[in-house]
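Here the structure comes first, spelled out in structure tokens, and everything after it is commentary.
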Amino acid sequence: MGLESKYNAMVLGLRDYVNKNKFKGVLLGLSGGIDSALAVAIAVDALGSDKVRGIRMPSKYSSDGSLKDAEESGKLLDIKIDTINIEKINETYLGDLKDVFTGLDKDTTEENIQSRIRGVILMAISNKFGEMLISTGNKSEISVGYTTIYGDMNGGFCALKDAYKTDVYNLSKWRNENYNDLFLGPRGMAIPPNSIHKEPSAELDFNQRDQDSLPDYKVLDEILIKIIEEEAPLDSIISMGHDSKLVHKIYKLLLLSEYKRRQSAPGVKLTARSFGKERRYPITNAFLNDT
Numbered sequence: 030m031g032l033e034s035k036y037n038a039m040v041l042g043l044r045d046y047v048n049k050n051k052f053k054g055v056l057l058g059l060s061g062g063i064d065s066a067l068a069v070a071i072a073v074d075a076l077g078s079d080k081v082r083g084i085r086m087p088s089k090y091s092s093d094g095s096l097k098d099a100e101e102s103g104k105l106l107d108i109k110i111d112t113i114n115i116e117k118i119n120e121t122y123l124g125d126l127k128d129v130f131t132g133l134d135k136d137t138t139e140e141n142i143q144s145r146i147r148g149v150i151l152m153a154i155s156n157k158f159g160e161m162l163i164s165t166g167n168k169s170e171i172s173v174g175y176t177t178i179y180g181d182m183n184g185g186f187c188a189l190k191d192a193y194k195t196d197v198y199n200l201s202k203w204r205n206e207n208y209n210d211l212f213l214g215p216r217g218m219a220i221p222p223n224s225i226h227k228e229p230s231a232e233l234d235f236n237q238r239d240q241d242s243l244p245d246y247k248v249l250d251e252i253l254i255k256i257i258e259e260e261a262p263l264d265s266i267i268s269m270g271h272d273s274k275l276v277h278k279i280y281k282l283l284l285l286s287e288y289k290r291r292q293s294a295p296g297v298k299l300t301a302r303s304f305g306k307e308r309r310y311p312i313t314n315a316f317l318n319d320t
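Quick note: the sequence shown uses my numbering, first residue 30, plus one each step.
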């Protein structure tokens, strides 16, 4: 499936889902990253600017550049953006948990609290205004569990659910250079160039990068496509030149994350092996000796 066909499918799928379920509109968190930038462009192309709301939820870890990129997304697409700073809320959570966490090192627990605070805020706005929340995770992140359940996974529909991260980059570049009569959004640039070109980061801690936890997305997607779409044996993938430890690590993460995927929002099918339909695995993941 080519880039135009994929983009059109995501636009039509979201439009049908929202209209047939009679939602008043949609909202999503805008981080300034490429995933939310592409997702909001798809939403505007599907529904029009007047039915899409963006929410910025910065913390002390949010960079000025990301805040500006999120703002630029709103300007390019002519949507309403609300800003709610989560820092005080996060400090309250950490303060209330301080005694319980005494003697324990800081880890992803504290990072995930921020994501879940944002999820609660987004769902509150969704409830108040009758707007469906769109989650913005991509297939690469969903595959290896680089998402926070009950946090950034919150939503009634996942716009990028079956799009790998490398697809997200390519689709963003395609949309900035192309337009067709299916779209209700503005012509021309829809995704901020800086969101496309900057190094990806969840910004849940200082100096954080996606590649601190994951391999380069090009490498990750090559391995995931072999495992998921082609069902290639691990030895075959390793023989292509990929590091053995990395291949086994990604495979294990894929199995460990099945329980998250079972609780994820629906999304448009783009690949031959979409999660939940063509690729069905048990939630209990210790069923193979090499995991």
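Cβ coordinates follow ideal geometry from the N, Cα and C atoms, glycine included.
Return the first residue and the last residue of the beta strand (DSSP E) that residue 111 is part of. For residue 111, the enclosing beta strand (DSSP E) starts and ends at 109-112.
Just tell me which of 289, 206, 169 has its CA closest to the CA of residue 192. Of 289, 206, 169, the residue nearest in Cα terms is 169.
Flag this pair as touching only if the region 71-80 and the region 43-55 have three or more C-beta atom pairs under 8 Å; answer yes or no. yes
Alpha-carbon to alpha-carbon, residue 283 and residue 137: Cα to Cα, the separation comes out at about 19 Å.
With a threshold of 7 Å on Cβ separation, who are the neighbours of residue 291 within its own chain once the five nearest residues in sequence on each side are excluded? 312
Which residue marks the beginning of the alpha helix (DSSP H) containing residue 56, and which one marks its end? According to the DSSP assignment, residue 56 belongs to no alpha helix (DSSP H) but to the beta strand (DSSP E) extending over 54-58.
Where the alpha helix (DSSP H) containing residue 299 begins and where it ends: Neither: residue 299 is in no alpha helix (DSSP H) and is coded neither H nor E.
Below 8 Å on the Cβ atoms is my contact criterion, and I expect residue 59 with residue 160 to pass it. Report the Cβ-Cβ distance as a whole number of Å. That pair is no contact at about 14 Å.
Within the region 78-120, ranges of the beta strand (DSSP E) (whole runs, at least 3 residues): 81-85, 109-112
Under 8 Å by Cβ, that's how I've got residue 35 and residue 196 pegged, so tell me the actual separation to the nearest angstrom. 7 Å
Got a sec? Which residues, its chain only, sit under 7 Å from residue 143 by beta carbon, not counting five neighbours each side? 88, 115, 119, 233
Rounded C-beta distance between residue 148 and residue 122? I'm assuming under 8 Å. Your pair residue 148 and residue 122 does not check out as a contact, with CB atoms roughly 13 Å apart and the cut at 8 Å.
For a quick check, are the C-beta atoms of residue 214 and residue 67 less than 8 Å apart? no
If contacts are defined as beta-carbon pairs under 8 Å, then residue 85 and residue 112 qualify, I think. What distance do you get, rounded to the angstrom? 4 Å
Output needed for residue 38: all residues of its chain with C-beta closer than 7 Å, excluding positions within five of it in sequence on either side, in chain order. 297, 299
Quick one: give me the first and last residue of the beta strand (DSSP E) that residue 163 is part of. Where residue 163 is concerned, the enclosing beta strand (DSSP E) stretches over 160-164.
Go ahead and label residue 131 buried or exposed: buried means 16 or more other beta carbons lie within 10 angstroms of its beta carbon, across all protein chains shown. So residue 131 counts as exposed.
Beta-carbon proximity of residue 61 to residue 82, cut-off 8 Å: no
Rounded straight-line distance, which links the Cα of residue 174 to that of residue 31: 27 Å
In the DSSP assignment, find the unbroken alpha helix (DSSP H) run with residue 199 in it and report its ends. 194-206
For residue 92, would you say it is in contact with chain B, using Cβ-to-Cβ distances shorter than 8 Å as the test? Looking for chain B here will not work: only one protein chain is present.
CB-CB length for residue 321 against residue 221, believed under 8 Å: Residue 321 lies beyond the residue range present for the chain, which begins at 30 and ends at 320; the question has no answer from this structure.
Cross-strand partners of residue 308 (DSSP beta bridge): 304
Proximity to residue 165 [Cα-Cα], best of 156, 258, 184, 199: 184
Buried or exposed (CB count within 10 angstroms, at least 16 for buried), residue 242: Looking at its Cβ environment, which holds fewer than 16 other Cβ atoms inside 10 Å, residue 242 is exposed.
Alpha carbon to alpha carbon, how far is residue 238 from residue 95? 13 Å
Taking residue 328 as part of the alpha helix (DSSP H), name the residues at either end of that continuous run. Summary: the structure shown does not reach residue 328, with the chain confined to residues 30 through 320, and so no result is reported for it.
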